[in-house]
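Novice:
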Amino acid sequence: MAPESVDVIVVGSGPVGAMAANLLGQYGLRTVVIEKETTPHTQSRAINADDEAQRIFQAAGLTGELGPGFHPCLKMTYVDDEMRMLAEVDFTKVERPNGHPIGSLFNQPRMEAALHRGLERFAHVTMWRGHEVESFMQDDDGVSVRVKDNVNGRTVTVRARYLLACDGAKSGIRRRLGLKLEGTTALEHALAVSVETASSAPDFTYYPCGPERVGIVTRTAHDEMRFDTVVKPGQDLEYVKSAEYVRSIIAPFIDPDSVKVKSVNLYAYHSRMAEKWRVGRVFLLGDAAHLMPPFLGQGLCSGLRDAANLTWKLAHVLGGAADASLLDTYEVERRPHAAEMMRLSDSLGSMLASGGPFMARARNAFIKLLYHMPVTGPFIREYKMKPNLFHAEGFLFGGKRGKSKQAAEGAFFPQPRVEHGEEGERPLDDVIGHRFAVLTRPGAPAEVQQAAKAMAEDIGGVWLSVAPAARSGAGRSGEVVDLEGKLGEWFAQHGSDLVVLRPDRYVYAATNRANVSQVHAALKGAVRPLTRWGSRGSRRAAQLGA
């Protein structure tokens, strides 16, 4: 009997694997998720989702009832050992270009549970718990994966067009591919303690900057707090996990007797990246591809960006809307971004955790000085330490971003709230959906609007004409009313009449009327309307894994 065929096999049902499966499910792709564990884990590991990551949850339809319970971070305060403020970011005063809080905290088991519930929406997506990949072979047409049921010992072979390795830092798929992790592992360890609280108070986010203590203390949910601290060189690694030491970490911030310790974990800081993220039809995502220090809270966020980048490309290739060469842009786009986040995380960690007591006090005095300086103060208060990174090359008009720092191509497009006909006020992404979009500026000439409409039709996308806020309540079909004026500002900043957005909301092209035809020709040569949104009919794969 020939192996059962599916579109994609996802190995690992952690946040990155589960997110990839949700996104694939929305495109109707037959997907099997292979998960070694028989039950969900209960330990909190990652705790931070930035506004870009929350936008990916939105794209997956996981806000509202399926939302993972994000807890917005209102203020982030850097303090010394005496709890004196060195600097502070008030996120309620920071602009939200992506339509979500700049930073939110979460309880990972609950977030994963929401992602897993999300998979239940799709009859064509199945999770096989208690299974693991024994071996796989690939050829020009697909991947044959031998999967073992760890409960009864039965094995089955499943044929897929592509395999996504989302199986974490110790990825078995990466090991079978013979790919090395390049980079370093810090000599220091960190201790992560999660506690349950009886109420939602106190609610704060502190970054202790030493010299005695370096780490983060924050509320992650209405009933949970997290205490992370860098373990000093030479400390007994068994002792730091003891109840006595854990109590000493909690005591400066909250009465230890008022909380229940849920988990105590010790881990090392890694700055490592796989030498390649793709071998044939097998792709690495998340921790399987890259491991980074936690100081910017970008480890999980980077993995979610991997999933958002790759899944729409797989859907278009499998749906007949793009050539397989589109998949070559996954690593081209994502590797530099992940590498830069890793570099910045390393730099911040070195600044906060290195040096003895004298250097730590000098550093803290310097941070306090910078916070009160007229130029550097706003840089800290407005949280500009996390840069707006972009794709320098990849699936962009011309293949590369312009040399100007203000170039639009490759940048993440903002998401304001807009008014859309009878649907009323909505976030922009909810209007666009899972497709390409062509937007024209307020007051764009008729010939530009006609060209935009034709362009969208040729690629199976949507055309939206941006109207000024004055048209609120009187918007026409095919218009979005720019209630906040943010879209008009964006077009004016880039001197553009038209912008083409990819399904992951990165800018493919922004142009004026003179170059619209060139953009149209390039895009039409690369993207076609989807001929199918997956094949939802097959349930045999689900039955085999039952």
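Residue numbering for the sequence shown follows the UniProt record's numbering, starting at 1 and increasing by one per position.
Here a beta-carbon is modelled for each residue, glycine too, at the ideal position from N, C-alpha and C.
If you count every other CB in all the chains shown that lies within 10 Å of the CB of residue 550, and 16 or more means buried, which is it?
Specialist: The structure shown does not extend to residue 550, since the chain is modelled only from 1 through 546, so no value can be given for it.
Novice: Report the residue from I216, A201 and L501 whose alpha carbon sits nearest the alpha carbon of H222.
Specialist: A201
Novice: Exposed or buried, what is P387 when buried is set at 16 or more other beta-carbons lying within 10 Å of its beta-carbon?
Specialist: exposed
Novice: So, are the CB atoms of residue 559 and N22 less than 9 Å apart?
Specialist: Given a span of 1 to 546 for the chain in the structure shown, any question on residue 559 remains unanswerable.
Novice: Take T38 as the anchor and find which of D51, K148 and M83 has the nearest alpha-carbon.
Specialist: K148
Novice: Which residue marks the beginning of the beta strand (DSSP E) containing L86, and which one marks its end?
Specialist: M85 to D90
Novice: Is it buried or exposed for F136, if we count other Cβ within 10 angstroms and need 16 for buried?
Specialist: It counts as buried.
Novice: Buried or exposed: N150, going by 16 or more other Cβ atoms within 10 Å of its Cβ?
Specialist: exposed
Novice: Please state whether the Cβ-Cβ distance between W490 and G478 is less than 9 Å.
Specialist: Between W490 and G478, the CB-CB gap reaches or exceeds 9 Å.
Novice: Got a sec? Which residues, its chain only, sit under 6 Å from H494 by beta carbon, not counting five neighbours each side?
Specialist: A408 and A510
Novice: Between H520 and A474, which are expected to be in contact by the criterion C-beta below 8 Å, what is the C-beta distance as a whole number of angstroms?
Specialist: About 30 Å separates the beta carbons of H520 and A474, which is beyond the 8 Å limit, so they are not a contact pair.
Novice: For residue 558, does the three-state DSSP call read helix, strand or coil?
Specialist: Residue 558 falls outside the range modelled here, since the chain spans only 1 to 546, and no answer is possible.
Novice: Do the segment 10–24 and the segment 163–179 make contact, defined as three or more Cβ pairs closer than 8 Å?
Specialist: yes
Novice: Determine, using beta carbons only, whether V466 and L487 come nearer to each other than 9 Å.
Specialist: yes
Novice: Give the range of the beta strand (DSSP E) segment to which E134 is assigned.
Specialist: H131 to Q138
Novice: So, at 6 Å on beta carbons, what are the nonlocal neighbours of G410 in its own chain, with the 5 sequence-adjacent residues on each side left out?
Specialist: F390, H391, L396 and R401
Novice: Rounded to a whole number of angstroms, what is the C-alpha to C-alpha distance between L179 and A198?
Specialist: C-alpha separation (whole angstroms): 46 Å.
Novice: Could you tell me the alpha carbon to alpha carbon distance between N107 and S194, rounded to whole angstroms?
Specialist: 9 Å
Novice: With a Cβ-Cβ cutoff of 9 Å, do E419 and L483 count as a contact?
Specialist: yes
Novice: Whole angstroms are fine: how far does the CA of L300 sit from the CA of S258?
Specialist: Answer to the nearest angstrom: the Cα atoms are 30 Å apart.
Novice: Is it true that the segment 300–311 meets the segment 278–290, where meeting means three or more beta-carbon pairs spaced less than 8 Å apart?
Specialist: Yes: at least three Cβ pairs fall under 8 Å.
Novice: Going by C-alpha distance, which of H372, P503, G172 and H131 is nearest N152?
Specialist: H131
Novice: Can you tell me whether DSSP reads D51 as helix, strand or coil?
Specialist: helix
Novice: Are three or more beta carbon pairs between the segment 314–321 and the segment 235–247 nearer than 8 Å?
Specialist: no
Novice: Does DSSP put R435 in a helix, in a strand, or in coil?
Specialist: coil
Novice: What is the rounded straight-line gap between the Cα of S271 and the Cα of E382?
Specialist: 27 Å
Novice: Are the CB atoms of M76 and E95 nearer to each other than 9 Å?
Specialist: no
Novice: How about I173 and L348: are their beta carbons less than 9 Å apart?
Specialist: no
Novice: Would you list the one or two residues that DSSP bridges to W490?
Specialist: Paired residues: none, contrary to the question.
Novice: Tell me which residue opens and which closes the alpha helix (DSSP H) that L344 is part of.
Specialist: Residues T329 to A353.
Novice: Could you say which of A190, I254, A274 and A437 lies nearest to M455 if we only look at CA atoms?
Specialist: A437
Novice: To the nearest angstrom, how far is the alpha carbon of F379 from that of F57?
Specialist: 28 Å
Novice: Could you give the first and the last residue of the continuous alpha helix (DSSP H) run that contains T376?
Specialist: T376 to R381
Novice: Identify the continuous beta strand (DSSP E) that holds W463 and give its terminal residues.
Specialist: V462 to P468
Novice: Using three-state DSSP, classify I102 as helix, strand or coil.
Specialist: coil
Novice: Tell me where the beta strand (DSSP E) around E419 begins and ends.
Specialist: According to the DSSP assignment, E419 belongs to the beta strand (DSSP E) that extends over R417 to E419.
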